[in-house]
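2 protein chains.
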Amino acid sequence: MNDILKKKFPSFSNALLIDVNTNALQQSFAAGDVIMRTGQYIKNTVLVLSGKIKIYREDEEGSEFFMYYLQPGQACAISMICATKNQKSQIMAKVVEDVELIMVPLQLMDKWMMQHRSWYEFVIDTYRSRFEEVLDVIDSIAFRAMDERLEFYLKRHRDACDCDDLKLSHQEIASELNTSREVISRLLKKLEQRGVLKMHRNNIELLK
Amino acid sequence: MNDILKKKFPSFSNALLIDVNTNALQQSFAAGDVIMRTGQYIKNTVLVLSGKIKIYREDEEGSEFFMYYLQPGQACAISMICATKNQKSQIMAKVVEDVELIMVPLQLMDKWMMQHRSWYEFVIDTYRSRFEEVLDVIDSIAFRAMDERLEFYLKRHRDACDCDDLKLSHQEIASELNTSREVISRLLKKLEQRGVLKMHRNNIELLK
DNA sequence: TATAATCTGTAACATTTATCACATAGGAAG
DNA sequence: CTTCCTATGTGATAAATGTTACAGATTATA
Chain A
1 MNDILKKKFP SFSNALLIDV NTNALQQSFA AGDVIMRTGQ YIKNTVLVLS
51 GKIKIYREDE EGSEFFMYYL QPGQACAISM ICATKNQKSQ IMAKVVEDVE
101 LIMVPLQLMD KWMMQHRSWY EFVIDTYRSR FEEVLDVIDS IAFRAMDERL
151 EFYLKRHRDA CDCDDLKLSH QEIASELNTS REVISRLLKK LEQRGVLKMH
201 RNNIELLK
Chain B
1 MNDILKKKFP SFSNALLIDV NTNALQQSFA AGDVIMRTGQ YIKNTVLVLS
51 GKIKIYREDE EGSEFFMYYL QPGQACAISM ICATKNQKSQ IMAKVVEDVE
101 LIMVPLQLMD KWMMQHRSWY EFVIDTYRSR FEEVLDVIDS IAFRAMDERL
151 EFYLKRHRDA CDCDDLKLSH QEIASELNTS REVISRLLKK LEQRGVLKMH
201 RNNIELLK
């Protein structure tokens, strides 16, 4: 575990790496697994070694609004925040690509803040970058119409997969933006006409 | 300063209170002042002693989307986050009721995390509660139509002023929800017909 | 191959929200 | 009191989004 951990979390000090290796558990999940549900109690902070996770906000009717990706080298800010106060999860986390995770028990999360400067900085930086990402999400829904929100959504998925072929159905996109499939189909057609992308079955090819 | 500080921030340890008194600056602003602008560099973390501040997200055209209130006993999570990395402000802060603030230089903010357990807990708790509040804001715009968003907005203002008379014009509400005055006027009328509130000039009286 | 399931396209229509135009009312200032 | 400014009310219309219904296309599966 040490090698990949060191590679994915280069800012961690050697002492911290040792502590993580000694105390934290490694766990794997398969694509499709839901590893955190809204309302569930959080007992661990999650570090991602490999794979990809999507973080959603849920409403009462079960709609799932996409917030952001969790990728290797990153940690779940919400699990940190909730873990500190032994709070219920405010979000749902779904694996989209098989993941290996490191689960840090909440007492350690807290203890390390005082012991390891590099952990403290990592945690603060995680808060900061997630807060910023969430603010960008607010921008997109507060200020933008669905066509721009769709473009924003597609760009974020391109960034996450680091490729131009997005394996997404119209229905999937619609659900994650909390709108209807027809709206997405129409808007995608307009984007195709503008030359922004090319549609295929279960696959959207970004051109620009 | 010590007395009011101790009263408004009861979780602070005596050692921390002394440090705050010795090192932080007190500053006052009048209603209407903008004390933080989008893009401005943040050099201090802000603690609120008295008064009220509204935090907004801005877009390029200058629209101001209301995010949350900052009240006595609270700190600006964004200023904490940005201060840590000497980052630009992502938000705009406007005084709505004359305020007395304590400005904590960013180096101290960081230093105290290691020295004062109660500061660490306060900071973490600030992150947590603001993150939760921002997630609620996302819920309201992602899942709700304007009528429910308006009710959510009014409730939060009642909570903030702790009274049932909201001194708000329709135009003001519309701007802070990023919609038009006509829409708000019409929705308010519906709420009045439902008996939820009573409209007056520059004043909305909440009944339930 | 036959059948079922999923994905996409699209028309018709309803609803919500945005925009424009203008009227009225109340309060502020001269 | 008159004038001006701001706040509010409301109709007409446009645009965006949501809903329903159905058809065809592709893929999965029996």
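Chains as they are written, first to last, in UniProt numbering: chain A, 1 to 208; chain B, 1 to 208.
The beta carbon of each residue, even a glycine, is placed where N, CA and C say it ideally should be.
Under 7 Å by beta carbon: chain A residues contacting B/Q90 = E132 and L135, listed in chain order.
First and last residue of the uninterrupted alpha helix (DSSP H) at B/A93 | No alpha helix (DSSP H) holds B/A93; the beta strand (DSSP E) holding it covers M92 to P105.
Leaving out five residues on either side along the sequence, give the residues of the same chain with a beta carbon under 7 Å from the beta carbon of A/M92.
-> In the same chain as A/M92, and ignoring 5 residues on each side of it, the C-beta atoms closer than 7 Å to its own belong to V34, M36, R37, T38, Y56, E58 and E64, in chain order.
Starting from the C-beta of B/M113, find all residues in its chain whose C-beta is less than 7 Å away, skip the five residues before and the five after it, and write them out in chain order.
-> If you ignore the 5 residues before and after B/M113, its C-beta comes within less than 7 Å of the C-beta of W119, Y120 and V123, all in its own chain and listed in chain order.
CA nearest to the CA of B/D147, picked from B/G32, B/I184 and B/A160 = Selection B/G32, B/I184 and B/A160 evaluated against B/D147 yields B/I184 as nearest (Cα-Cα).
Given that a residue counts as buried once 16 or more other Cβ atoms are within 10 Å of its Cβ, and exposed if not, what is A/N178?
-> Its Cβ being crowded by 16 or more others within 10 Å, A/N178 is buried.
Are the region 91 to 108 of chain A and the region 142 to 161 of chain B touching by the rule of at least three beta carbon pairs closer than 8 Å?
-> Fewer than three beta-carbon pairs drawn from the region 91 to 108 of chain A and the region 142 to 161 of chain B are found closer than 8 Å, and the two stretches are therefore not classed as touching.
Using beta-carbon positions only, say whether A/F9 and A/V95 come within less than 7 Å of one another.
-> Taking 7 Å as the cut-off, the beta carbon of A/F9 is found no closer than this to the beta carbon of A/V95.
Write down the C-beta distance between B/S79 and B/I42 rounded to the nearest angstrom, noting that I regard them as a contact closer than 8 Å.
-> Contact check for B/S79 and B/I42: beta-carbon distance about 5 Å, within the 8 Å limit, so the pair qualifies.
Beta-carbon contacts of A/I174 that lie in its chain and below 6 Å, excluding the five residues immediately before and after = According to the sequence displayed, residue 174 of chain A carries Ala and not Ile. Excluding sequence positions up to five before and after A/A174, its CB lies within less than 6 Å of the CB of S180, R181 and I184, all in the same chain and listed in chain order.
For B/K208 and B/L197, the rounded distance between their alpha carbons = Spanning the two alpha carbons is a distance of roughly 7 Å.
Any beta strand (DSSP E) of 3 or more consecutive residues that is wholly inside the region 28 to 93 of chain B | Within the region 28 to 93 of chain B, the runs of beta strand (DSSP E) that reach at least 3 residues and sit entirely inside it are, in chain order, 34 to 36, 44 to 58 and 64 to 70.
Spatially closest choice to B/N203 from B/G195, B/K7, B/L47 and B/D164, by CA coordinates = Answer by Cα proximity: B/D164.
Closer than 8 Å by beta-carbon distance: list the chain B residues that pair up with A/R128, in chain order.
-> Simply I81, C82, T84, K85 and Q87.
Separation of B/M199 from B/L188, as counted between CA atoms | So the alpha carbons of these two residues sit roughly 8 Å apart.
For B/A142, which option in A/L5, A/S169, A/G62 and A/D159 has the closest C-alpha, if you only look at C-alpha atoms?
-> Closest option to B/A142, judged by alpha-carbon separation, among A/L5, A/S169, A/G62 and A/D159: A/G62.
Under the assumption that B/E97 contacts B/G32 (Cβ atoms under 8 Å), give the Cβ distance between them as a whole number of angstroms.
-> Not a contact, Cβ separation roughly 10 Å.
From B/I18 to B/D3, what does the alpha carbon distance come to, in whole angstroms?
-> When rounded, the distance between both Cα atoms is 11 Å.
Do you know how far the Cα of B/Y127 is from the Cα of A/A15?
-> A/A15 and B/Y127: Cα-Cα distance of roughly 27 Å.
Which two residues bound the contiguous alpha helix (DSSP H) that contains A/K190?
-> Residue range R181 to Q193 is occupied by the alpha helix (DSSP H) that includes A/K190.
Name, please, each residue of chain B whose Cβ falls closer than 8 Å to the Cβ of A/N178.
-> Correct list: A142 and F143.
Residue burial classification, A/T22 (beta-carbon count within 10 angstroms, cutoff 16) = That one is exposed.
Near-chain A residues of the region 53 to 71 of chain B (beta-carbon distance less than 7 Å), N- to C-terminal order = When C-beta distances to chain A are compared with 7 Å, the residues of the region 53 to 71 of chain B below that value are R57, D59, S63 and F65, in chain order.
Starting from the Cα of A/R156, find the closest Cα among A/A24, A/Q74, A/D136 and A/A145 and give me that residue.
-> Its Cα nearest to that of A/R156, the residue A/D136 stands out among A/A24, A/Q74, A/D136 and A/A145.
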